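This report refers to the structure that appears directly beneath it.
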Amino acid sequence: MIPLLILGLLIQTPGAHGYELLALMEKRHYKYIVNFTKGSFYYNLQQLEEKGWIEQIQKKPSTIGREIRNFKITGAGMAEFEKLMVKYGTKSEYVNLQFYGALLFADQYDKNKLLELIQSQIDQTKTRIALLDEYLSNIQELPGTIDYYRRMNENSRSHHLINLEWFEQLKTEIEGPVA
Numbered sequence: 001m002i003p004l005l006i007l008g009l010l011i012q013t014p015g016a017h018g019y020e021l022l023a024l025m026e027k028r029h030y031k032y033i034v035n036f037t038k039g040s041f042y043y044n045l046q047q048l049e050e051k052g053w054i055e056q057i058q059k060k061p062s063t064i065g066r067e068i069r070n071f072k073i074t075g076a077g078m079a080e081f082e083k084l085m086v087k088y089g090t091k092s093e094y095v096n097l098q099f100y101g102a103l104l105f106a107d108q109y110d111k112n113k114l115l116e117l118i119q120s121q122i123d124q125t126k127t128r129i130a131l132l133d134e135y136l137s138n139i140q141e142l143p144g145t146i147d148y149y150r151r152m153n154e155n156s157r158s159h160h161l162i163n164l165e166w167f168e169q170l171k172t173e174i175e176g177p178v179a
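For the sequence shown, full-length UniProt numbering assigns the number 1 to the initial residue and increments by one for each residue that follows.
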């Protein structure tokens with residue numbers, strides 16, 4: 001998935017350098033789409049260049065003494081982008097929270113510790129919703145375009161709201177009646 005993100009970003013921002021692309025991925029919260037680290041990002045960037053899907057277009061000395069490498073997508077990269085769009089655009093998978101695996105054995109786990117795990121899920125979900133709210137309140141749509149990324153984030157927010165409701169119900173049921 002990381003190659004698709006890099007290729008797509010280079011189509012949107014030709015001539016960007018690696019740090020710019022990484023900053024865009026972080027700013028747009030792509031970590032909710034795919035897990036990536038700085039290292040995995042730069043590894044994928046290097047792989048794309050080695051495969052001839054992107055190429056360096058200029059070298060500029062930087063003020064910190066390191067070379068800034070700007071990239072553009074190649075014809076072969078456009079073909080790969082097309083393949084990746086079909087590959088990921090036709091996939092449909094169930095939502096799979098790792099928490100579900102732990103929940104399978106909830107009856108064998110200490111009730112108070114289980115409540116802590118659920119509270120952790122509640123806290124994380126609220127954080128995700130807040131980040132999405134922040135992003136959605138600051139997004140500026142281009143007139144005459146469909147902003148798929150905004151719509152995707154609105155959909156993600158809806159899913160998180162449902163998960164939050166479910167986690168809170170689960171917590172209430174486990175806590176039992178209040179005396």
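Ideal placement from N, C-alpha and C gives every residue a C-beta, glycine not left out.
Remember, predicted model here, so these are calculated numbers, not experimental data.
Out of GLN98, GLU82 and LYS113, the CA that lies nearest to the CA of ILE11 is found in GLU82.
Just measuring C-alpha positions, the residue of HIS17, ASN70 and THR127 sitting nearest TYR32 is THR127. ILE68: not part of any alpha helix (DSSP H); member of the beta strand (DSSP E) spanning 67 to 73, first to last residue. Taken in chain order, the whole alpha helix (DSSP H) runs of length 4 or more contained in the stretch 20 to 57 are 38 to 50.
Residue pairing from DSSP places HIS17 in a beta bridge opposite ASN70. The shortest CA-to-CA distance from THR172 to any of ILE122, ASN155, ASN153 and SER137 is the one to ILE122. ASN138 and ARG69 have their alpha carbons spaced roughly 30 Å apart. Secondary structure at GLY176: coil, using DSSP grouped into helix, strand and coil. Secondary structure at LEU97: coil, using DSSP grouped into helix, strand and coil. With fewer than 16 neighbouring CB atoms inside 10 Å of its own CB, GLY101 falls in the exposed class.
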